[in-house]
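K.L.:
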Amino acid sequence: MIHAAIMGFGNIGTGVARVIDVNQDAIRRTLPEGMCVKYVLDIRDFPESPYGDRVVHDIDVIVNDPDISVVCETMGGKEPAFTFTKKALEKGISVCSSNKELVEAHGAELVALAMRHGCSYLFEASVGGGIPLISTMLRSLGQEKLDSITGILNGTTNYIFTKMEREGADYATVLREAQALGYAERDPAADVEGHDTGRKIAILASLMTGKTVRYEDAPVEGITRVTARDFAWAHAFGSTIKLLGRAARTDEGLQVLTAPHLVPETHALAMVNDVFNGVFLHGNMVDDVLLYGRGAGSLPTGSAVVADMIWAAKAKGTGVPVEWDAEVVSLVAEDAMKSRYMVRVEADERKLAEDAFEGLIADLKTDAVEGELAFITEEMPLSECRARLAALPSVMGCMRVLA
Ligand code: HSE
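Residue numbers are given in the working numbering: position 169 of the sequence shown equals residue 204, and the series is strictly consecutive.
Shown next, in the form of structure tokens:
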């Protein structure tokens, strides 16, 4: 029997316990000895829970118990999760995390620490909730040179965009509804300002390169400025709008960003709606791979954590190798990133717009929103687009288009 501990008994930690309990038979197909939860670490007590008698408040009880070979870290936040994770790994205990903040900030260091101690640091649940994304990148696509990752990686903002699109509603109204339903946090900043997606794409870009892509080095734009009018124009161009995290190898270097994009209705990511996540990977041999599923939630995320716990248990004594070096990758500067753009201006500025973007307008429409026109540009660096926009007095929006 593999004896495990759960560090952090909140939404995800309780999901981990339930998956281990309800799906013990399924777990035994891969891990014939089975898995049980010996400890739950939390600052709270849970007298009503069937796990109430296993609650401890001291990490040392867990790391000093020779029975324990794997723990999950479902605490969130940097501290004390970082300290507890290091304590476990230094004792040769594998740690499986759902904590994107810690993984993004210290992933390379924790992977190296695990390798030195013959155990694993795995973090499937830190990106894409229940979607088997990181294990797919590490295992099934380990033979590939991935050249791009494009993902809808945040369920809250995808839910808000889906409602805005279906109801023609404004951002603020939908956010209030989402908060009332518990889909959006009372402080929604990390989601709506794009930081959650930014951290997740930084983790994926690090795994894609095998080096460290720092979240703070990549531009992040959230959804707060996207309006019902942007959606009306997107429809006119046969598209929808999605908040995308993108990482791509380009001639200029590695390009990583988070921003709202026009996505053609024919693109698979346009069909990823509500709280679902979707990730498009492109490899040099396999071509396109699309993964879709629930990006959050107790059971989906708990299931991803348990998948890692099984993988770590199978690799007991050696650890699961993860290529993630501490060397920081330089990224293409935002100004130099190339894209096509949808630009919205006042209708009476048509001549000015046609002059400013002469020969660079791929499509122009006038009939979606009264008093406005919008056009799609050819591909150009952001700096060039901004320079051309400077000639237009009434720019009401400029959004990237997924090519
Ligand atoms: N707030 C995140 C989301 C939770 O909405 O996707 C999962 O990381």
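Where is the CB? At the ideal position from N, CA and C, for every residue including glycine.
Looking at the strands, I want to know which residues DSSP matches up with T65.
P.N.:
Bridge partners of T65: none, in fact.
K.L.:
Just curious, the beta strand (DSSP E) that H230 is in, first and last residue?
P.N.:
Segment 230 to 244 is the alpha helix (DSSP H) holding H230; no beta strand (DSSP E) there.
K.L.:
Just to confirm, does T293 get its C-beta within under 7 Å of one of the non-hydrogen atoms of ligand 1?
P.N.:
No, the Cβ of T293 stays beyond 7 Å of every heavy atom of ligand 1.
K.L.:
Determine the closest residue to C131 out of C433, D370, G280, A40, with distance taken between C-alpha atoms.
P.N.:
Per the Cα distances, A40.
K.L.:
Residues with a Cβ closer than 6 Å to any heavy atom of ligand 1, in chain order?
P.N.:
For ligand 1, the selected residues are G164, N189, G190, T191, D226, D231, G330, A331.
K.L.:
Whole angstroms is fine: what's the gap from N312's alpha carbon to G245's?
P.N.:
About 24 Å.
K.L.:
What is the residue span of the alpha helix (DSSP H) that E179 lies within?
P.N.:
It is not in any alpha helix (DSSP H) - E179 carries neither H nor E in the DSSP assignment.
K.L.:
Out of G164, V91, R64, point me to the one whose CA is closest to F44's CA.
P.N.:
Closest by alpha carbon: V91.
K.L.:
For S104 versus K351, is the C-beta spacing smaller than 8 Å?
P.N.:
Yes; because the gap between Cβ atoms is below 8 Å, this pair is in contact.
K.L.:
Are L188 and K235 close, meaning C-beta to C-beta below 8 Å?
P.N.:
Cβ distance < 8 Å, so L188 and K235 count as in contact.
K.L.:
With H, G and I counted as helix, E and B as strand and the rest as coil, what does DSSP make of G203?
P.N.:
G203 falls in the coil class under three-state DSSP.
K.L.:
Using only CA atoms, which one of E407, A342, M306, M320 lies nearest to L326?
P.N.:
Of E407, A342, M306, M320, the residue nearest in Cα terms is M306.
K.L.:
Only counting the same chain, and skipping five residues up and downstream in sequence, which positions put a Cβ closer than 7 Å to that of T285?
P.N.:
V367.
K.L.:
If we ignore side chains and look at the alpha-carbon of each, how far apart do F119 and I94 end up?
P.N.:
Whole-angstrom Cα-Cα distance: 7 Å.
K.L.:
Ignoring anything shorter than 4 residues, give me the alpha helix (DSSP H) runs that lie fully in the region 242 to 315, in order along the chain.
P.N.:
With a minimum length of 4 residues, the continuous alpha helix (DSSP H) runs that stay inside the region 242 to 315 are 263 to 271.
K.L.:
Mind checking whether S338 and D370 have CB atoms under 8 Å apart?
P.N.:
Not a contact, by the Cβ cut-off of 8 Å.
K.L.:
For M36, count neighbouring Cβ atoms within 10 angstroms of its own Cβ and tell me buried if that reaches 16, exposed if not.
P.N.:
Exposed, by the Cβ-count rule.
K.L.:
Skipping 5 residues on each side, what residues in its chain have a beta carbon closer than 6 Å to that of D5?
P.N.:
In the structure displayed, the chain extends from 36 to 438; residue 5 sits before or after that span and is not available.
K.L.:
Do G217 and R329 have their CB atoms nearer than 8 Å?
P.N.:
No, they are not a contact pair.
K.L.:
Go through its chain and collect everything with a Cβ distance to A397's Cβ below 6 Å, but skip five positions before and after it.
P.N.:
These residues qualify, in order along the chain: I411, E413.
K.L.:
Looking at the unbroken alpha helix (DSSP H) that takes in I94, where does it start and where does it end?
P.N.:
94 to 98 is the span of the alpha helix (DSSP H), which, as asked, contains I94.
K.L.:
Alpha carbon to alpha carbon, how far is V310 from G280?
P.N.:
So the alpha carbons of these two residues sit roughly 16 Å apart.
K.L.:
I want to know whether the region 340 to 347 touches the region 98 to 118 - three or more CB-CB distances under 8 Å.
P.N.:
These segments touch.
K.L.:
Since A240 contacts L173 with CB under 8 Å, what's their CB separation in whole angstroms?
P.N.:
With a Cβ gap of about 14 Å, A240 and L173 do not count as contacting.
K.L.:
Do the CB positions of R379 and W268 come within less than 8 Å of each other?
P.N.:
In contact: R379 and W268 (Cβ atoms closer than 8 Å).
K.L.:
Which residues in the same chain as A342 place their Cβ atom closer than 8 Å to its Cβ, once the five residues preceding and following it in sequence are excluded?
P.N.:
These residues qualify, in order along the chain: E159, P167, S170.
K.L.:
Pairing CB atoms from the region 108 to 118 with CB atoms from the region 127 to 147, are three or more of them under 8 Å?
P.N.:
Enough Cβ pairs lie closer than 8 Å, so yes.
K.L.:
The beta strand (DSSP E) with D323 in it runs from where to where?
P.N.:
Start and end: 322 to 329.
K.L.:
Does any residue of chain B have a CB that is nearer than 8 Å to the CB of S175?
P.N.:
This model lacks chain B altogether, as it is built from one protein chain only.
K.L.:
Which partner residues does C433 have in the DSSP bridge list?
P.N.:
Answer is V378, bridged to C433.
K.L.:
Indicate the three-state DSSP secondary structure (helix, strand or coil) for H141 in the structure shown.
P.N.:
Looking at H141 - three-state DSSP - the assignment turns out to be helix.
K.L.:
Should D231 go down as buried or exposed, given a rule of 16 or more other Cβ atoms within 10 Å for buried?
P.N.:
Buried: at least 16 other Cβ atoms inside 10 Å.
K.L.:
What first and last residue would you give for the beta strand (DSSP E) that runs through V130?
P.N.:
Taken as a continuous stretch (DSSP letters only), the beta strand (DSSP E) holding V130 covers 129 to 132.
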